[in-house]
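In the working numbering, the protein residues as written are 98 to 199. Beta carbons: idealized from backbone N, C-alpha and C, even for Gly.
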Amino acid sequence: MWNQLLLTSVQGNLVNGRGKELVVDTQGILLLDVLKYADVPIHTEVTVITEDAYRAVVTSQEGFAEGQVYWVVQDDGGVQLVVFGDSNSKRNVSDVKQLVVS
98 MWNQLLLTSV QGNLVNGRGK ELVVDTQGIL LLDVLKYADV PIHTEVTVIT
148 EDAYRAVVTS QEGFAEGQVY WVVQDDGGVQ LVVFGDSNSK RNVSDVKQLV
198 VS
């Protein structure tokens, strides 16, 4: 799928639970583009499951918002979910292994 979707610039700030900001400046794919590619309905909620079974939920409003939720390729080849706009970056998770659409 990565070679069939357009990589775009992913830039912004994430905030962790202690209020510390992390600057993101990389390349990735909008979750919106991934959902469109997979022909997923707009009313869908996406649960992201990581390698260690951690789960993060992206609502349909977020997933279909332009510029808010991205897939980023990690240096080790894994995939990371990046969600801008959260007051706590718990949904910015690495080593994504599965998406569950509901």
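{"Item": "Cβ pair G182, Q158 closer than 8 Å", "Value": "no"}
{"Item": "Beta-carbon contacts of L128 that lie in its chain and below 6 Å, excluding the five residues immediately before and after", "Value": "G160, V166"}
{"Item": "Supposed contact pair V107 and V121 - C-beta distance, whole angstroms, cut 8 Å", "Value": "6 Å"}
{"Item": "Cβ pair Q177, V193 closer than 8 Å", "Value": "yes"}
{"Item": "DSSP state of S186 mapped onto helix, strand, coil", "Value": "helix"}
{"Item": "Whether T144 touches G125 by CB criterion (8 Å)", "Value": "no"}
{"Item": "Endpoints, the beta strand (DSSP E) within which Q124 is located", "Value": "118 to 127"}
{"Item": "Rounded separation between G109 and D172 - CA only", "Value": "19 Å"}
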